[in-house]
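Here UniProt numbering is used: position 256 in the sequence shown is 256, and no number is missing along the way. Ideal placement from N, C-alpha and C gives every residue a C-beta, glycine not left out. Working notes for the structure below.
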Amino acid sequence: EDFEDIISKASPEPPEIEIKDEDEAALYFTSGTTGAPKPILVTHKNMECAAITENRHHFQTHEDNFIVIPPLYHTGAKMHWFGSLIVGGRATILTEITPKYIFEAVHKERGTVVWLLVPWAQDILGALDRGELGKEDYDLSCWRLMHMGAQPIPPSLIRHWKEHFPNMQYDTSYGLSEATGPGCIDLRIENEHKLEATGKAGFNWEMRIVNEKGGDVARGEVGELIVKGNGVMKGYYKNPEKTAETIKNGWLYTGDMARMDSEGFIYIVDRKKDVIITGGENIFPV
1 EDFEDIISKA SPEPPEIEIK DEDEAALYFT SGTTGAPKPI LVTHKNMECA AITENRHHFQ
61 THEDNFIVIP PLYHTGAKMH WFGSLIVGGR ATILTEITPK YIFEAVHKER GTVVWLLVPW
121 AQDILGALDR GELGKEDYDL SCWRLMHMGA QPIPPSLIRH WKEHFPNMQY DTSYGLSEAT
181 GPGCIDLRIE NEHKLEATGK AGFNWEMRIV NEKGGDVARG EVGELIVKGN GVMKGYYKNP
241 EKTAETIKNG WLYTGDMARM DSEGFIYIVD RKKDVIITGG ENIFPV
């Protein structure tokens with residue numbers, strides 16, 4: 001049977017299936033930075049949380065067109081886009097990552113929000129600096145927000161970007177697959193002056209920085225970042241022991257070391273498993 005035959009035999013009525021918030025919706029895999037990738041289960045509530053959080057951070061409306069560059073099997077790409085999807089916004093999925101192709105997509109499709117990784121932003125800046133790409137050749141007036149994430153963002157890169165795009169908004173966020181992607185920590189567009197920071201607790205999220213005993217550390221001290229919210233996964237697939245080790249009393253232990261400054265901004269320091277203990281001191285690799 002071909003696709004059209006299957007459709008012709010299907011009922012036009014929606015299936016009589018009641019979907020609940022806690023029903024499992026998707027199976028994702030972690031990135032595996034400290035070991036083999038682990039399968040995780042997320043619920044409909046988890047995905048709803050991610051979409052709403054993204055929308056509230058970036059004020060997306062039905063007029064937005066999210067330019068999707070990373071593959072959609074990444075929670076980051078999908079959940080950032082969902083912030084537009086829940087208000088009827090469009091998305092344009094790209095098949096290339098060259099600076100010219102990205103500019104052409106924004107120009108032709110009237111893209112408003114673009115999520116870039118550091119290498120892609122560096123490629124764009126390099127092409128502009130060398131004169132290989134000209135902003136004047138494209139109508140980029142619709143492009144209001146450049147969002148970066150998935151890795152540490154060099155402040156010098158953002159300052160360089162602002163030289164070319166002084167009026168464009170910038171934001172970055174922190175997330176992990178176990179929290180249904182990005183957003184549990186977010187810088188916010190109004191905090192561009194805190195370029196070195198990762199951000200504060202995202203919309204409808206709580207966060208703490210704790211020591212080995214689970215107690216809060218003092219401001220400025222390094223500890224493990226833990227987060228709590230409706231985006232916390234249901235658990236690792238068929239691995240209750242690992243789930244219990246990672247989620248305690250609703251708090252997701254991220255495995256990332258962080259510190260908080262006097263204004264409440266979070267700075268990610270390193271992975272917990274990368275800590276070197278010598279002379280009774282915890283040393284974090286550069």
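Please return the same chain residues whose Cβ sits closer than 6 Å to the Cβ of residue i, not counting the five positions on each side in sequence.
i           : result
residue 29  : 37 and 39
residue 89  : 60, 62 and 64
residue 171 : 147, 187 and 189
Are there 16 or more other CB atoms within 10 angstroms of the CB of residue i, so buried, or fewer, so exposed?
i           : result
residue 248 : exposed
residue 228 : buried
residue 129 : exposed
residue 6   : exposed
residue 308 : This structure cannot speak to residue 308, because the chain is shown only from 1 to 286.
residue 211 : exposed
residue 236 : buried
residue 11  : exposed
residue 103 : buried
residue 99  : buried
residue 193 : exposed
residue 3   : exposed
residue 244 : exposed
residue 95  : exposed
residue 173 : buried
residue 216 : exposed
residue 240 : exposed
residue 70  : buried
residue 84  : buried
Quick one: what's got a C-beta closer than 8 Å to residue i's C-beta in the same chain, skipping five residues either side?
i           : result
residue 177 : 28, 29, 30, 31, 40, 75 and 233
residue 23  : 43 and 44
residue 106 : 67, 114, 138, 140, 142 and 143
residue 133 : 99, 100, 103, 124 and 127
May I ask whether a heavy atom of the ligand SAH can be found less than 7 Å away from the beta carbon of residue i?
i          : result
residue 27 : Absence of the ligand SAH is noted for the structure shown, with no ligands found whatsoever.
Report, in whole angstroms, the separation of the C-beta atoms of residue i and residue j, which I expect to be a contact under 8 Å.
i           : j           : result
residue 251 : residue 268 : About 17 Å; that fails the 8 Å criterion.
residue 312 : residue 57  : For the chain, the structure presents residues 1 to 286; residue 312 sits outside this window and is missing.
residue 271 : residue 222 : In fact, because the Cβ distance is near 12 Å, the residues do not count as touching under 8 Å.
residue 219 : residue 262 : 6 Å
residue 266 : residue 207 : 7 Å
residue 145 : residue 169 : 4 Å
residue 231 : residue 53  : 7 Å
Residues in the same chain with beta-carbon distance under 7 Å from residue i, minus the five sequence neighbours each way, listed in chain order, please.
i           : result
residue 93  : 68
residue 264 : 200
residue 21  : 43, 44 and 45
residue 310 : With the chain covering 1 to 286 only, the question about residue 310 has no answer from this structure.
residue 280 : Because the pLDDT of residue 280 is 40, which lies under 50, any placement of that residue in the model is unreliable, and the question is left without a value.
Can we say the segment 150-167 touches the segment 15-23, given the rule of at least three CB pairs closer than 8 Å? When C-beta atoms of the segment 150-167 are compared with those of the segment 15-23, fewer than three pairs fall below 8 Å, so the two segments do not count as touching.
Which parts of the segment 47-98 are runs of the beta strand (DSSP E), unbroken and 3 residues or longer, counting only runs that do not cross its ends? Runs of the beta strand (DSSP E) spanning 3 or more residues and lying entirely within the segment 47-98 occur at 65-68 and 90-93, in chain order.
With a cut-off of 8 Å, do at least 3 Cβ pairs link the segment 70-82 to the segment 171-182? Output reads yes: the segment 171-182 touches the segment 70-82.
Any contact between the segment 112-132 and the segment 41-49? By contact I mean 3 or more CB pairs, one from each, below 8 Å. Not touching, per the Cβ criterion.
Quick one: which unbroken alpha helix (DSSP H) runs of 4-plus residues sit fully inside the segment 198-267? Chain order, please. If we require 4 residues or more, the alpha helix (DSSP H) runs fully inside the segment 198-267 come out as 240-246.
Within the segment 137-209, note down every full beta strand (DSSP E) run reaching 3 residues or more, in order along the chain. If we require 3 residues or more, the beta strand (DSSP E) runs fully inside the segment 137-209 come out as 145-149, 169-176 and 181-186.
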